[in-house]
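Novice:
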Amino acid sequence: RHPAFARSRRLAYRSTLRLRDPANSGHLRPSQLLMLNLTDKRVSRDVGSRYDAAKGNRRGAGVRKGSRMNYSEIKYCDIANGEGVRTSLFVSGCRRHCPNCFNAVAWDFGYGAPFTKEVRNEILESLAPGYINGLSLLGGEPFEPENQRELLPFVKNVKVLYPNKTIWCYTGNNLEHEIWQPGPGRCEVTDEFLQYIDVLVDGDFVQDQYDISLRFRGSSNQRLIDMNKTRAAGRVILWQDDPIFADHSM
Numbered sequence: 001r002h003p004a005f006a007r008s009r010r011l012a013y014r015s016t017l018r019l020r021d022p023a024n025s026g027h028l029r030p031s032q033l034l035m036l037n038l039t040d041k042r043v044s045r046d047v048g049s050r051y052d053a054a055k056g057n058r059r060g061a062g063v064r065k066g067s068r069m070n071y072s073e074i075k076y077c078d079i080a081n082g083e084g085v086r087t088s089l090f091v092s093g094c095r096r097h098c099p100n101c102f103n104a105v106a107w108d109f110g111y112g113a114p115f116t117k118e119v120r121n122e123i124l125e126s127l128a129p130g131y132i133n134g135l136s137l138l139g140g141e142p143f144e145p146e147n148q149r150e151l152l153p154f155v156k157n158v159k160v161l162y163p164n165k166t167i168w169c170y171t172g173n174n175l176e177h178e179i180w181q182p183g184p185g186r187c188e189v190t191d192e193f194l195q196y197i198d199v200l201v202d203g204d205f206v207q208d209q210y211d212i213s214l215r216f217r218g219s220s221n222q223r224l225i226d227m228n229k230t231r232a233a234g235r236v237i238l239w240q241d242d243p244i245f246a247d248h249s250m
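Here my numbering is used: position 17 in the sequence shown is 17, and no number is missing along the way.
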């Protein structure tokens, strides 16, 4: 190869490493992902190919073509299901069947549409703007084992692309008794899946404890758990809201 070509390749590779630095960019834009795929195969496998960017790159194998999970709805620019402005994905399938569930139609695992690679890429694109704080996972029940297995590679990609954005996840399962311990919310991928969640909202919706003044949850038995602090402490640490919202003084 011509020396000039080799030198340009090395420079391009160093550029991709800078792009992957969270302190430098916070996330990778789709145009940057195309650059990753065109410069270095190792970087492409690690980041770019897992995205399978909607900008025309079809080399990647980030998700299986045939999804085994359906979703009922996607809300863009959502401000009701987590801190800030978010993209919220409502997966299908739930065996808990809480009375007066707000989304009972999504109990059926077959409800809605397949969670295809095109849908995943659309969500990943929606997370790119700086004003979007992160992704929220709701249901249905994200912690049904079938759904965990499908969501795990997706949330991995979210964290690779947007390491500074948060992932909130809602579950009817109790963290200590049904997720950490054997129960309906635990399977072979649960521990890894939990590693990518920043805030877990746990507990069934209980109509008798419904409180319209609560932020980001429906009933007072449900907890907003700071999973990063919980992992560090080895015990449940609750997420702390801004005091102006916590005491309803606004």
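The beta-carbon is built from N, C-alpha and C at its ideal position, and this holds for glycine as well.
Rank 109, 113 and 94 by C-alpha distance to the C-alpha of residue 171 and give the top, closest one.
Specialist: Within the sequence shown, numbered from 1, the residue matching residue 171 stands at position 171. Per the Cα distances, 94.
Novice: Cα separation between residue 112 and residue 75?
Specialist: The residue you call residue 112 lines up with position 112 of the sequence shown. The residue you call residue 75 lines up with position 75 of the sequence shown. Cα-Cα distance, rounded: 14 angstroms.
Novice: I'd like the span of the beta strand (DSSP E) that includes residue 75, first residue to last.
Specialist: Taking the sequence shown and counting its residues from 1, the one referred to as residue 75 is at position 75. Segment 70-78, the beta strand (DSSP E) holding residue 75.
Novice: Secondary structure at residue 239, three-state DSSP: helix, strand or coil?
Specialist: The residue labelled residue 239 in the question sits at position 239 within the sequence shown. Three-state DSSP puts residue 239 in coil, outside helix and strand.
Novice: Do residue 238 and residue 215 have their CB atoms nearer than 8 angstroms?
Specialist: On the sequence shown, residue 238 is found 238 positions in, with the first residue counted as 1. On the sequence shown, residue 215 is found 215 positions in, with the first residue counted as 1. No, the pair does not count as a contact, with Cβ atoms beyond the cut-off.
Novice: Does the Cβ-Cβ distance between residue 134 and residue 180 come in under 8 angstroms?
Specialist: The sequence position of residue 134 within the sequence shown is 134, counting from 1. The sequence position of residue 180 within the sequence shown is 180, counting from 1. No, the pair does not count as a contact, with Cβ atoms beyond the cut-off.
Novice: State the DSSP-derived secondary structure class of residue 190, mapped to helix, strand or coil.
Specialist: As a first step, residue 190 is located in the sequence shown; it is residue number 190 there, counting from the start. Residue 190 falls in the helix class under three-state DSSP.
Novice: Closest to residue 128 by CA distance: which of 137, 149, 150 and 159 is it?
Specialist: Locating residue 128 in the sequence shown gives position 128, where the first residue counts as 1. Cα-wise, what sits closest to residue 128 is 159.
Novice: To test your reading of the DSSP string, which unbroken alpha helix (DSSP H) runs of 4 or more residues are found completely within the region 159-184?
Specialist: Those alpha helix (DSSP H) runs which fall completely within the region 159-184 and span 4+ residues do not exist here.
Novice: Report all residues from its chain with a CB closer than 8 angstroms to the CB of residue 81; omit the five preceding and five following residues, and keep chain order.
Specialist: Within the sequence shown, the letter at position 81 stands for residue 81. These residues qualify, in order along the chain: 75, 88, 136, 138, 168, 170 and 216.
Novice: Considering only the alpha carbon of each residue, which of 141, 175, 106 and 210 lies closest to residue 220?
Specialist: The residue you call residue 220 lines up with position 220 of the sequence shown. The shortest C-alpha separation from residue 220 is found at 210.
Novice: Is residue 2 buried or exposed, if buried means 16 or more other CB atoms sit within 10 Å of its CB?
Specialist: The sequence position of residue 2 within the sequence shown is 2, counting from 1. Because residue 2 carries a pLDDT of 41, less than 50, the predicted location of this residue cannot be relied on, and the following value inherits that uncertainty. Residue 2 is exposed by the Cβ-count criterion.
Novice: Could you tell me which of 69, 200 and 86 sits nearest to residue 117, measuring between CA atoms?
Specialist: Working through the sequence shown from its first residue, we reach residue 117 at position 117. Cα-wise, what sits closest to residue 117 is 69.
Novice: Cα separation between residue 90 and residue 233?
Specialist: Mapped onto the sequence shown, residue 90 falls at position 90. Mapped onto the sequence shown, residue 233 falls at position 233. C-alpha separation (whole angstroms): 30 angstroms.
Novice: Let me know if residue 231 comes out buried or exposed under the rule of 16 or more other beta-carbons within 10 Å of its beta-carbon.
Specialist: As a first step, residue 231 must be located in the sequence shown, where it is residue number 231. Answer is exposed; the Cβ neighbour count stays below 16.
Novice: Beta-carbon within less than 6 angstroms of residue 226's beta-carbon, same chain only, minus the 5 sequence neighbours each way: which residues are those?
Specialist: Here residue 226 corresponds to residue number 226 of the sequence shown, with the count starting at 1. Cβ neighbours of residue 226 beyond the five flanking positions: 237 and 239.
Novice: Mind checking who residue 132 pairs with in its DSSP beta bridge?
Specialist: Here residue 132 refers to the residue found at position 132 of the sequence shown. Paired residues: 85.
Novice: Excluding five sequence neighbours on each side, which residues of the same chain lie with their C-beta closer than 8 angstroms to the C-beta of residue 142?
Specialist: In the sequence shown, residue 142 corresponds to position 142, counting from 1. 91, 148, 151, 169, 170 and 171.
Novice: Just to confirm, are residue 140 and residue 164 a CB contact at a threshold of 8 angstroms?
Specialist: For the purposes of this step, residue 140 is taken as the residue at position 140 of the sequence shown. For the purposes of this step, residue 164 is taken as the residue at position 164 of the sequence shown. No. Outside cutoff.
Novice: According to DSSP, is residue 197 part of a helix, a strand, or is it coil?
Specialist: Mapped onto the sequence shown, residue 197 falls at position 197. Coil.
Novice: Assuming residue 203 and residue 174 make a contact with CB atoms under 8 angstroms, what is their CB distance in whole Å?
Specialist: Residue mapping note: residue 203 aligns to position 203 of the sequence shown, counting from 1. Residue mapping note: residue 174 aligns to position 174 of the sequence shown, counting from 1. Contact holds; Cβ gap of about 6 angstroms.
Novice: Can you tell me where the alpha helix (DSSP H) holding residue 225 begins and where it ends?
Specialist: Numbered from its first residue, the sequence shown carries residue 225 at position 225. Run containing residue 225: none in the alpha helix (DSSP H); it sits in the beta strand (DSSP E), 223-226.
Novice: Would you mind reading off the limits of the alpha helix (DSSP H) that contains residue 119?
Specialist: As a first step, residue 119 is located in the sequence shown; it is residue number 119 there, counting from the start. Unbroken alpha helix (DSSP H) run through residue 119: 117-126.
Novice: Between 123, 132 and 187, which lies nearest to residue 145 when the distance is taken from Cα to Cα?
Specialist: The sequence position of residue 145 within the sequence shown is 145, counting from 1. Measuring from the Cα of residue 145, the nearest candidate turns out to be 187.
Novice: Let me check understanding here. Comparing Cα to Cα, which of 119, 100 and 96 lies closest to residue 108?
Specialist: The sequence position of residue 108 within the sequence shown is 108, counting from 1. That would be 96, whose Cα lies nearest to the Cα of residue 108.
Novice: Note down the Cα distance separating residue 200 from residue 119, rounded to an integer number of angstroms.
Specialist: Along the sequence shown, read from residue 1 onward, the residue named residue 200 stands at position 200. Along the sequence shown, read from residue 1 onward, the residue named residue 119 stands at position 119. Each residue's Cα considered, the two are about 23 angstroms apart.
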